[in-house]
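I have placed the structure first, in the form of structure tokens, so that the comments after it can refer back to it.
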Amino acid sequence: MIRENCKVIISDLDGTLLNQHHVISDYTRSVFQELHQQNYLIVVATGRHHLDAMPLVEKLGVPLYLVTSNGARIHSPSKELLFSINMESDTVKSILSLDIDPEITTVLFREDIWQTNRHNEKLNSFQKEVTYHPQLVDFKKLDDYEAIKIFFTHENHDKLKKVRDLILEQYPDSFNHAFSLPICLEFMDKRVDKSVAITKILEIENLNFNHAISFGDGFNDEMMLASTGKGLIMGNAPETLKNKLSHLEVIATNHEDGVAKYLSESLLK
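Heads up, the sequence shown is in full-length UniProt numbering, so the first residue is 1 and it goes up one at a time.
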């Protein structure tokens with residue numbers, strides 16, 4: 001049934017297509033090259049910035065649509081920018097003016113750099129090749145706050161929940177937000193979501209979500225997973241996501257090449 005209807009493969013990156021070393025394995029690469037040979041449309045949808053994500057997906061060696069910053073950017077298989085939306089400067093400034101715990105690493109995703117209030121070694125480790133450079137700043141001294149998204153990270157999930165609640169209390173209907181990982185909280189423009197961006201791509205290709213199979217492991221994948229004809233949750237996803245989408249199948253972890261193994265067994269055999 002999957003093989004008959006499926007024309008589109010959609011995958012998140014971190015915790016999904018990337019293994020525990022934040023790279024695409026040779027096995028995953030070989031499976032995606034075979035999928036391309038069989039004319040499947042491939043979409044990668046990530047919370048990462050496009051400058052960060054592009055060298056990672058290039059390792060697949062296939063043309064693909066790239067959705068980045070949770071849907072704030074769409075690039076075509078030829079790397080043409082198809083869609084772009086930012087958070088306004090005053091909006092971002094108002095969030096940063098709130099009483100946010102200074103222990104939390106705060107990041108503004110800008111077009112060419114990411115600005116942060118503190119050096120974070122774990123965050124830096126997610127980039128194997130540094131194509132998107134950090135800049136340490138005092139957020140009180142910026143002239144312009146326009147950003148693609150705001151990113152908060154801390155090892156203590158409860159601290160991030162307090163930040164989420166603080167922002168939502170002040171601005172209950174102004175933003176879209178998600179935990180991409182339990183240690184990563186992201187706020188975007190209200191119109192930004194991976195599923196919205198993917199809808200735009202499917203319209204270009206005269207397809208719809210019923211033709212798609214998707215893979216993800218975070219709450220920023222929730223709408224994408226729920227919308228596709230077949231949504232699959234990674235074994236390494238948080239239990240809270242598995243419980244919330246309990247009707248969806250859970251597959252092997254990203255450490256085990258779960259996406260590639262599932263696709264090989266379901267579509268290529």
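Think of the CB as a built atom: it goes at the ideal place given N, C-alpha and C, for glycine as much as any other residue.
Endpoints, the alpha helix (DSSP H) within which residue i is located
i    : result
G258 : 258-263
R29  : 26-37
Beta-carbon separation (whole angstroms), residue i vs residue j, contact threshold 8 Å
i    : j    : result
D257 : T28  : 6 Å
S246 : G231 : The pair is not a contact, with the Cβ atoms about 12 Å apart (cut-off 8 Å).
D165 : N176 : So it is not a contact: roughly 16 Å between Cβ atoms.
V31  : Y65  : About 18 Å; that fails the 8 Å criterion.
L241 : F209 : In fact, because the Cβ distance is near 19 Å, the residues do not count as touching under 8 Å.
M234 : G216 : 7 Å
Buried or exposed (CB count within 10 angstroms, at least 16 for buried), residue i
i    : result
S84  : exposed
K141 : exposed
N206 : exposed
H133 : exposed
I204 : exposed
E4   : exposed
R191 : exposed
K79  : exposed
L17  : buried
L81  : exposed
I9   : buried
Inter-residue spacing [alpha-carbon to alpha-carbon] between residue i and residue j
i           : j    : result
L268        : Y262 : 9 Å
E186        : K162 : 13 Å
A212        : D99  : 42 Å
S97         : D144 : 14 Å
V137        : E111 : 16 Å
H50         : H22  : 16 Å
N86         : N70  : 12 Å
A197        : I74  : 7 Å
L225        : T153 : 24 Å
V259        : L160 : 29 Å
Q20         : H255 : 6 Å
residue 270 : K244 : Outside the displayed span of the chain (1 to 269) sits residue 270, for which this structure offers no information.
L13         : I201 : 18 Å
D221        : A72  : 14 Å
Y171        : D26  : 45 Å
Own chain, CB closer than 6 Å to residue i, minus 5 neighbours either side, in chain order
i    : result
H157 : P182
K93  : Y145
R118 : T105
C184 : T153
I148 : S69, A72, N86, F109
Own chain residues within Cβ distance below 7 Å of residue i, not counting five before or after
i    : result
Q33  : G61, V62
K7   : Y40, L41, L207, H211
L248 : L225, G231, L232, I233
Limits of the unbroken beta strand (DSSP E) element including residue i
i    : result
L136 : 133-136
M188 : 184-189
H75  : 73-75
I113 : 113-116
8 Å Cβ cutoff, residue i in contact with chain D
i    : result
A260 : No chain D appears in this structure, which consists of one protein chain only.
Own chain partners of residue i with C-beta closer than 8 Å, once the 5 adjacent residues on each side are dropped
i    : result
K59  : V23, I24, R29
A237 : G15, G216, D217, G218, V250
Near the ligand FMN: residue i beta-carbon under 7 Å from a heavy atom
i   : result
L66 : With respect to the ligand FMN, the structure offers nothing, as it holds no ligand at all.
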